[in-house]
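Engineer:
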Amino acid sequence: MMHLNIQPRVAQALTEGKPVLALESTIISHGMPFPQNLETAKMLEQLAIDHGVTPATICIMDGKVCVGLDAKQLHILATCKQVRKVTRRNFAEMLASGETGATTVAATMMAAHMAGIAVFATGGVGGVHRHAQETFDISADLIELSRTPVIVVSAGVKAILDIAKTLEYLETHGVPVYGFGTSTFPAFYSAKSPYPVEAIDSVATIAKIYQTGLELGFTNGMLVANPIPQEYEFPYDKMAVVIDKAIAEADQKGIRGQRVTPFLLGRIVELTGGKSLETNIALVKNNVLLGCRIARELVFRRF
Ligand code: PSU
Ligand code: MN
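Residue numbers (our numbering): -18 to 284.
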């Protein structure tokens, strides 16, 4: 496809039927501060390689959908202030303009699917924001999960969102959601939330459900919610106080639309004295490990 620029090592892995894992770039540009964002991006790629999987970090640059990035591209995403968030709405526009764009979960799913990558690991997906009944702020990530057949591994959704409404929305749009080894939906910084989710204990089951869906001609994706390991958890109640404060500040400052999520994440890092960032890194790492297992399982089942 003329708009795709697949890095040679990723292209080779795909042609040879080897496991590949997609990674997003908004977490680099808007989700974490420099230099931890760059260090994390590199560490995650190495982690995948160490587990026998080719990583493909995705962004939009120089008018191409780039699948698999080099050190220079990662550096641009991590440091350049003009990098824009890309979602389905502005995907084509960003290619046409030649601007640099960091892909959100939605745009990363689209690009992964174009490249033939079935699994994608990230920190948290976007969701239904609190008071969405007034603001209508619902992440395009949720709609994308209903229409692009990619398995997304995340630590649930952040507690900055309305978890109950997010789960209802996913249900309405026919998105299969599973808790990996848990029957309570994880709340990002915390392993548990008060909300139930269907539990799955093996990557073989995930792969089988995904493949069955494809055989049926379904085009939806799947959300695998992977709880943060307990030793890295940030206590739910303590986090709730921080989050309420960050949300109140965002309201006060009149922050809306695409800026909401980056603002809240940034404020939470500041308000926790960097603790939430450590938690964030630990959970993405955990998700990449599970993503690698799913990617290997899918390849294994093909032969
Ligand atoms: N969750 C995080 N860190 C992030 C994001 C989510 O812990 O950086 C990013 C993801 O790229 C997600 C996006 O797709 O925020 C959602 O943005 P919005 O709420 O504007 O749809
Ligand atoms: Mn939004």
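We put the beta carbon where it would ideally sit given N, CA and C, even for glycine.
I'd like the span of the beta strand (DSSP E) that includes F72, first residue to last.
Structural biologist: First-last for F72: 72 to 78, but that is the alpha helix (DSSP H), not the beta strand (DSSP E).
Engineer: Would you kindly check if the distance between the Cβ of S10 and the Cβ of A83 is under 8 Å?
Structural biologist: It is a contact, given that the beta carbons lie within the stated cut-off.
Engineer: How many Å lie between L50 and G198 at the Cα?
Structural biologist: L50 and G198: Cα-Cα distance of roughly 31 Å.
Engineer: When the Cα atoms are used, what is the spatial distance from A29 to C273?
Structural biologist: Distance between the alpha carbons of A29 and C273: 6 Å.
Engineer: If we count Cβ pairs, one from each stretch, closer than 8 Å, do we get three or more for the region 231 to 251 versus the region 177 to 197?
Structural biologist: No, they do not touch.
Engineer: Between A136 and L2, how many whole angstroms is the CB-CB distance? I'm expecting something under 8 Å.
Structural biologist: At roughly 16 Å, the Cβ-Cβ gap does not stay under 8 Å, so A136 and L2 are not in contact.
Engineer: Kindly examine ligand 2 and report whether one of its heavy atoms sits closer than 7 Å to the Cβ of S10.
Structural biologist: No - ligand 2 has no heavy atom lying nearer than 7 Å to the Cβ of S10.
Engineer: Would the beta-carbon of S135 be found less than 7 Å away from any heavy atom of ligand 2?
Structural biologist: Outside the cutoff, so no.
Engineer: If you run the structure through DSSP and keep just helix, strand and coil, what is G137?
Structural biologist: The answer is strand: DSSP assigns G137 an E or B state.
Engineer: Using alpha carbons as the reference points, say which of T38, A221, T260, L126 lies closest to T200.
Structural biologist: Minimum Cα distance to T200 is reached at L126.
Engineer: Taking 7 Å as the limit between beta carbons, can you name the residues of its chain near S164, skipping five residues before and five after?
Structural biologist: Taken in chain order, the residues that qualify are P177, V178, A180.
Engineer: Please say whether L(-15) and V46 have beta carbons closer to each other than 8 Å?
Structural biologist: Their beta carbons are under 8 Å apart, which means V46 touches L(-15) by this criterion.
Engineer: Give me, in chain order, the residues of the same chain whose beta-carbon lies closer than 8 Å to that of S171; leave out the 5 immediate sequence neighbours on both sides.
Structural biologist: Result list for S171: A140, I209, E214, F215, P216, Y217, M220, in chain order.
Engineer: Between which residues of its own chain and L(-6) is the CB-CB distance below 7 Å, once the five residues before and five after are set aside?
Structural biologist: Residue -6 is actually Ala in this sequence, not Leu. Contacts found: V1, T35.
Engineer: Under 7 Å: does the beta carbon of G107 sit that close to some heavy atom of ligand 2?
Structural biologist: Indeed, a heavy atom of ligand 2 lies less than 7 Å from the Cβ.
Engineer: What number of angstroms, rounded off, separates the C-alpha of A59 from the C-alpha of M13?
Structural biologist: Their Cα atoms are separated by approximately 9 Å.
Engineer: In this structure, how does DSSP classify C61 when only helix, strand and coil are distinguished?
Structural biologist: Three-state DSSP puts C61 in coil, outside helix and strand.
Engineer: Give me the Cα-Cα distance between Q211 and G79, rounded to the nearest whole angstrom.
Structural biologist: Spanning the two alpha carbons is a distance of roughly 43 Å.
Engineer: Work out the CA separation of P130 and G254 for me, nearest whole Å.
Structural biologist: G254 and P130: Cα-Cα distance of roughly 38 Å.
Engineer: Rounded to the nearest angstrom, what separates Q(-12) and V48 at their Cα positions?
Structural biologist: Each residue's alpha carbon lies about 6 Å from the other.
Engineer: Could you check which residue in R282, I224, V269, K23 has the C-alpha nearest to that of G104?
Structural biologist: Checking every option, the nearest Cα to that of G104 belongs to V269.
Engineer: Looking at K139 and ligand 1, is the gap between the Cβ and the nearest heavy atom below 7 Å?
Structural biologist: Result yes, Cβ under 7 Å from ligand 1.
Engineer: Can you give me the start and stop residues for the alpha helix (DSSP H) that P(-11) sits inside?
Structural biologist: It spans -11 to -4 - the alpha helix (DSSP H) in which P(-11) sits, taken as one unbroken run.
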